[in-house]
Amino acid sequence: MQFWIIQGLNSLSLGGLLFLLSSGFSLIFGLMRLANLTHGAFFMLGTYFAAIALRSYDGLNIWVTALGAGVAVAAIGGLFERLVLARLRANPLGQVLVTLGMSFIISDACLMLWGGDSIPVPTPQNLQAPTRLFGFVFPTYRLVLVGCAMAAAVMLYLLLELTRLGAMIRAGVDDGQMARAVGIPVSRLFTLVFCLGAGIAGAGGVLGGPILSAYPGLDADMLPLALIVVILGGIGSLLGAFIGSFIIGFIYTFGTALFPELAYIILFLPMIFVIAFRPQGLFGRVGA
Amino acid sequence: MTISRRRFVGGVAGAAIANMTASSLVFGQNSEPIRIGLLAAKTGPLASGGIDMELALTMFLKERENTLAGRKVELIVADTAGVPATARTKAQELIEKNNVHCMMGPLAAFEALAIADYLTEKEMPTLGVAAAENMTQRHPSPWFVRLTSTSAQCAYPLADYSAKELNYKKIVTIADDFAYGHEMCAGFQRAFEDNGGKIIQKIFTPLATPDYGSYVAQVKSADAIFLGTAGSNGFRFLRQFIEYGLKDKMAVIGGMTALDESVLRNMGDEALGILTTSWYSAELDNPFNKSFAPAFRKQFKYDPGYYAASTYVSGEVLEAALKATKGNVEDKKALMAAIRGSNAETVRGLVKFDEFGNATGNVYIRKVTKADGRLVNSVIKTYPDVTQFWTYDKAAFLQNPVYSRDYPPAKNLEP
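From first to last, the protein sequence lines are chains A and B. For the first sequence, position 2 matches number 2 in our numbering, and the numbering has no gaps at all. For the second sequence, position 345 matches number 345 in our numbering, and the numbering has no gaps at all.
What follows is the structure, encoded as structure tokens:
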């Protein structure tokens, strides 16, 4: 029984982490039709930001750090979109290659700046003690992380469903050409959404830090996860990213616990089925 | 065409004189420098270790004013990026373009394996660091020595110590899912179970594991958990292990890279009390290390660990060999024989090579303690002259298959 509860909570916390990682990716993919391969690097930038900031300044709060990293990474993302991607709008393959190149640049820059050692991100002082419930022990921070993901999901939902910006984004996702025709500034929208997506990744990197630590290669570890979640959940769908994250969280956690030999392929099995039987993903608004 | 006798005599005499000057040049100031090639991963995920390898070797040469056995030394460092194919290209470049006389590194087993045949084919004297068992067991090369340890060599003493002095009965092992982890856990298991202990669970995690939570929650209740990891993975696992409150329930012990000095410098007090085993510690109390470790720390602000020590020891062994051959690196056979017979006193203690070219030397059981405000691996017990075959019969050992995920079979796993 304890096994199921602990692993269930583990699945939830991993799902939360995955949502913070993949919601931005899904947003960008949905609107811009761009598989942003820099996404893992943006996430890693956030984690390094947290590792350096939280270790250098004792009293610094992780939430403030997440906000700061979010803004900083959003700015980097915005510059990258404006200066590079915007020039390649007519060339989708070129865009994907450029995002891949950018991810190499970021990961090598991190290596140059912070070296090859893995740097731990300290867990917030007041969340360090494990939570004890009915005789089992669970890290408090992981529970809080689930809450963070929920909060992020609600905020994104409100943004997309209730604001004018959200309406424009939804219009752009559903039919970019028509949106342009009715006067939505799609190009500016692209930049904005790219900033938003990068910012969420940066903040997610901070919040995932205490679990993951900052290390060279983190970007390459995280990027496939974002891809898997988005393919499973459906491109451009917030709900899809949300449900997809938690499904992957559960599959990964129980898969590695029950069938450790399958650890390498466990994540790709559901993806194969989805691609075979429902190419647009579980909640996809558009065909892949 | 005939050659007059006078001309012939003159020619021979001239050649002889030329010969004499050439041979005296070898020992003179103006002779060609000795070229050492170092293969080190300076970029990519293994960069931390690779950079330490270069720093330590550069420091070693600088201390000797870039002169070994009276000859100038030129160090050529090639970045393998931790990629086997790149290691192969760079090895070729060092040998064929830079004409190096001997080679050091690389650090990862898969890099070393990728170039092993090439180095043998080129008859290149190599001072190796990587731990793959078979390179000095079932497939040794006359041109290769390893002055660190095989994957399992340092695990045996810790298994012995766990069973006999700590009286552990049940241990769980966890390691990265590749040859280094498999071999180390296999050796640990063998020695521990031969001393009456039981390995009740063996966990191998993929190299890229995003979240260790699901593995931590699987760990069965035992006396201790053995970390056979390298680099950042073990350290990430350990943090989660502590967050789940498990460190209060079972002891943590580790292999030669689990809590290396390079890992320790990024850890906090949670590491205190953990026991690990290695052929080196920055805290070693011998005259060579007493000068090396503080000098390294002074220059680079952190303690030297596995990788820094590996190239420093390589340098010391090479220096001893060059002294024996009077600086002659052109005769590769003689140099290799001198390396194998060097018996050098180094920062890790005396290094002898067995007939397969693997180091026999002290292995140290170390405990993480605090000294001068930083975490250090202080030595609590020394196992002298540990060989790669531990206490086992060499012939029987080599008859068995190489250690792997499933060999020797684990018979005491709990369901």
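Where is the CB? At the ideal position from N, CA and C, for every residue including glycine.
- prompt: Are the C-beta of B:A217 and some C-beta of chain A separated by less than 7 Å?
  reply: yes
query: What do you reckon, are the CB atoms on A:G205 and A:F43 nearer than 7 Å?
result: yes
message: Is the beta carbon of B:A159 closer than 7 Å to that of B:A191?
response: yes
- prompt: Going by DSSP, what residues sit across from B:D285 in a beta bridge?
  reply: DSSP output for B:D285 lists no bridge partner at all.
- request: Spatial neighbours of A:I243 within its chain, please: CB distance less than 7 Å, with the 5 preceding and 5 following residues excluded, ordered by chain position.
  value: G233, L282 and F283
- prompt: Checking contacts by CB at 7 Å: is A:Q7 closer than that to chain B?
  reply: yes
- prompt: Do we get a CB-CB distance below 7 Å when we pair A:Y57 with the residues of chain B?
  reply: no
query: Under 7 Å, do B:Y180 and B:S281 count as touching if we go by C-beta distance?
result: no
- request: Under 7 Å between beta-carbons, which chain B residues line up against A:S245? List them in chain order, please.
  value: The contacting residues do not exist; A:S245 stays about 12 Å from chain B at best.
query: Three-state secondary structure (DSSP) at B:L38?
result: strand
query: Fully enclosed by the stretch 3–84 of chain A, which alpha helix (DSSP H) runs are 4 residues long or longer?
result: 39–56 and 62–83
query: Counting pairs of Cβ atoms below 8 Å between the stretch 154–170 of chain B and the stretch 261–278 of chain B, do you hit three or more?
result: yes
- prompt: Whose Cβ in chain A lies nearer than 7 Å to the Cβ of B:P415?
  reply: Ordered by position in chain A, no residue passes the 7 Å Cβ test against B:P415, which lies about 13 Å from the chain.
query: CA-CA distance, B:L322 and B:Q92?
result: 24 Å
field: Every unbroken beta strand (DSSP E) inside the stretch 245–271 of chain A [3 residues or more]
entry: none
task: Could you tell me whether the stretch 314–321 of chain B touches the stretch 342–355 of chain B, where touching means 3 or more Cβ pairs closer than 8 Å?
output: yes
field: Members of the stretch 250–274 of chain B that neighbour chain A once the beta carbon cut-off is set at 9 Å
entry: S262, V263, R265, N266, M267 and G268
query: When burial is assigned at 16 or more other CB atoms within 10 Å of the CB, is B:S404 buried or exposed?
result: exposed
task: Count the other CB atoms, across all protein chains shown, that sit within 10 Å of the CB of B:A396; report buried if there are 16 or more and exposed otherwise.
output: exposed
message: Within the continuous beta strand (DSSP E) that includes B:F226, where are the two ends?
response: A224 to L227
message: Quick check on A:Q177: buried or exposed, where buried means 16 or more other Cβ atoms within 10 Å of its Cβ?
response: exposed
task: Have a look at B:L350, B:L375 and B:Q399 and flag the residue whose alpha-carbon is nearest the alpha-carbon of B:P384.
output: B:L350
task: To the nearest angstrom, report how far apart A:L37 and A:T140 are at their CA atoms.
output: 32 Å
- prompt: Is the CB-CB distance between A:L145 and A:G16 below 7 Å?
  reply: yes
- prompt: Between B:H182, B:C102, B:M135 and B:D194, which lies nearest to B:N412 when the distance is taken from Cα to Cα?
  reply: B:D194
query: What's the call for B:T387, buried or exposed, on a 16-neighbour Cβ count within 10 Å?
result: buried
- prompt: Are the beta-carbon atoms of A:S107 and A:S213 separated by less than 7 Å?
  reply: no
- prompt: Do the CB positions of B:G213 and A:V137 come within less than 7 Å of each other?
  reply: no
query: Shortest alpha-carbon distance to A:L133 belongs to which of A:I228, A:Q2 and A:L160?
result: A:Q2
- prompt: Is the stretch 30–38 of chain B in contact with the stretch 72–82 of chain B, if contact means three or more CB pairs nearer than 8 Å?
  reply: yes
- request: Kindly provide the ranges of any alpha helix (DSSP H) runs that are 4 or more residues long and lie completely inside the stretch 194–242 of chain B, ordered along the chain.
  value: 213–216
- prompt: How many angstroms separate the CA atom of A:G217 from the CA atom of B:N328?
  reply: 43 Å
message: Less than 7 Å between C-beta atoms, sequence neighbours within five positions excluded: which residues of the same chain meet that for A:S103?
response: L37, T38, G40, A41 and D219
query: How many Å lie between B:F60 and A:L9 at the Cα?
result: 52 Å
- prompt: Taking Cβ positions, are A:A203 and A:A72 nearer each other than 7 Å?
  reply: no
query: Which residues in the same chain as A:Q95 place their Cβ atom closer than 6 Å to its Cβ, once the five residues preceding and following it in sequence are excluded?
result: L34, L85 and L88
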